[in-house]
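Below is one structure; the comments refer to it alone.
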Amino acid sequence: MLNRFCKPVCQGVALAVALCAGVASADVRISDGWLRAVPPVSPTMAGYLTVTNEGDTSVNITGARSEIAGHAMLHSMKTLDDGTRKMGHLHHVMLAPGESFSFLPGGDHLMLMKLQRVPQPGESVTVCLTQAEGEAICAGLPVLREAPSDS
Numbered sequence: 039m040l041n042r043f044c045k046p047v048c049q050g051v052a053l054a055v056a057l058c059a060g061v062a063s064a065d066v067r068i069s070d071g072w073l074r075a076v077p078p079v080s081p082t083m084a085g086y087l088t089v090t091n092e093g094d095t096s097v098n099i100t101g102a103r104s105e106i107a108g109h110a111m112l113h114s115m116k117t118l119d120d121g122t123r124k125m126g127h128l129h130h131v132m133l134a135p136g137e138s139f140s141f142l143p144g145g146d147h148l149m150l151m152k153l154q155r156v157p158q159p160g161e162s163v164t165v166c167l168t169q170a171e172g173e174a175i176c177a178g179l180p181v182l183r184e185a186p187s188d189s
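Reading the sequence shown from the start, the letters are residues 39 to 189 in my numbering.
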């Protein structure tokens with residue numbers, strides 16, 4: 039009786055593990071990340087970084103989170119026909135193998151909201167990008183008053 043029950047369950051678990059291994063095969067890297075310093079009473083702050091898919095399968099970045107924020111989102115910045123700019127929710131970023139995407143000042147960016155505390159310049163804050171499959175890519179981002187120089 040135990041074998042009759044165990045065999046299909048064990049096969050199902052083995053299949054699930056194999057499928058998850060395929061999802062996790064993508065190697066995703068965060069680089070050039072930083073958070074813009076804000077006044078001590080600010081409820082939000084913006085983050086910038088480049089995410090690169092160094093794996094052999096596509097990766098779908100669907101969100102963000104941070105230890106200091108009650109809520110975090112990927113944001114897009116669009117210029118409308120009348121020249122005004124509008125910020126909105128960026129639902130996902132799909133990265134093909136070898137592709138990179140940059141969240142930059144004045145463009146698409148991370149938005150940390152409902153700050154539980156406001157980090158000071160010089161601190162490092164952990165920020166994670168979440169994938170559709172549930173995996174997270176995390177990095178410590180320094181808090182800076184200005185964008186880092188390229189020198």
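All residues carry an ideal CB built from backbone N, CA and C; glycine is no exception. Given the structure is predicted, the values throughout are model-derived calculations rather than measurements.
### Message
For the structure I just gave you, are there three or more beta carbon pairs, one from the region 107–124 and one from the region 176–187, closer than 8 Å?
### Response
Using a Cβ-Cβ distance cut-off of 8 Å, the region 107–124 and the region 176–187 are not in contact, since fewer than three pairs of beta carbons, one from each stretch, lie closer than that value.
### Task
For R123, name the three-state secondary structure that DSSP assigns.
In the sequence shown, residue 123 corresponds to position 85, counting from 1. For R123, the secondary structure class from DSSP, reduced to helix, strand or coil, is strand.
### Task
With DSSP as the reference, label G85 as helix, strand or coil.
As a position in the sequence shown, residue 85 is number 47, starting the count at 1. Assignment of G85 by DSSP, reduced to helix, strand and coil, places it in the strand class.
### Segment contact, 8 Å Cβ cut-off, at least three pairs: the region 156–167 with the region 116–128
Flag = no, the region 156–167 and the region 116–128 do not touch.
#### Entry: Rounded separation between G60 and A107 - CA only
Within the sequence shown, the letter at position 22 stands for residue 60. Within the sequence shown, the letter at position 69 stands for residue 107. Reliability fails at G60, whose pLDDT of 32 lies under 50, so the model's placement of it is uncertain and the value that follows must be treated cautiously. Roughly 31 Å separates the two Cα atoms.
### Message
Rounded to the nearest angstrom, what separates S96 and G172 at their Cα positions?
### Response
The count along the sequence shown starts at 1 and reaches residue 96 at position 58. The count along the sequence shown starts at 1 and reaches residue 172 at position 134. Cα-Cα distance, rounded: 14 Å.
### Query
Under the DSSP definition of a beta bridge, which residues are partnered with R103?
In the sequence shown, counting from the first residue as 1, residue 103 sits at position 65. DSSP lists C166 as partners of R103.
### Nonlocal neighbours in the same chain, by C-beta distance under 8 Å from P190, ignoring five residues either side
No statement about residue 190 is possible, as the shown extent of the chain runs from 39 to 189 and does not include it.
### Task
With a 10 Å radius around its C-beta and 16 neighbouring C-beta atoms as the bar for buried, classify P186 as buried or exposed.
Position 148 of the sequence shown holds residue 186. With a threshold of 16 other beta carbon atoms within 10 Å, P186 falls short and is exposed.
### Pairwise C-alpha distance: T117 and V79
Counted from its first residue, the sequence shown places residue 79 at position 41. Counted from its first residue, the sequence shown places residue 117 at position 79. Spanning the alpha carbons of V79 and T117 requires a straight line of approximately 29 Å.
### Task
Count the other C-beta atoms from every protein chain shown that fall within 10 angstroms of the C-beta of M149, then say buried if there are 16 or more, exposed otherwise.
Walking along the sequence shown from the start, residue 149 turns up at place 111. With 16 or more other CB atoms across the displayed protein chains lying within 10 angstroms of its CB, M149 is buried.
### Task
Starting from the C-beta of M83, find all residues in its chain whose C-beta is less than 7 Å away, skip the five residues before and the five after it, and write them out in chain order.
Taking the first residue of the sequence shown as 1, we reach residue 83 at position 45. Excluding residues within five positions, the ones whose Cβ falls inside 7 Å are L73, R74, V76, L150 and L153.
### Task
Mind checking who G178 pairs with in its DSSP beta bridge?
Against the sequence shown, residue 178 aligns to sequence position 140. For G178, the beta-bridge partners assigned by DSSP are T164.
### Task
List the residues that DSSP assigns as beta-bridge partners of L133.
The residue you call residue 133 lines up with position 95 of the sequence shown. Answer is V97.
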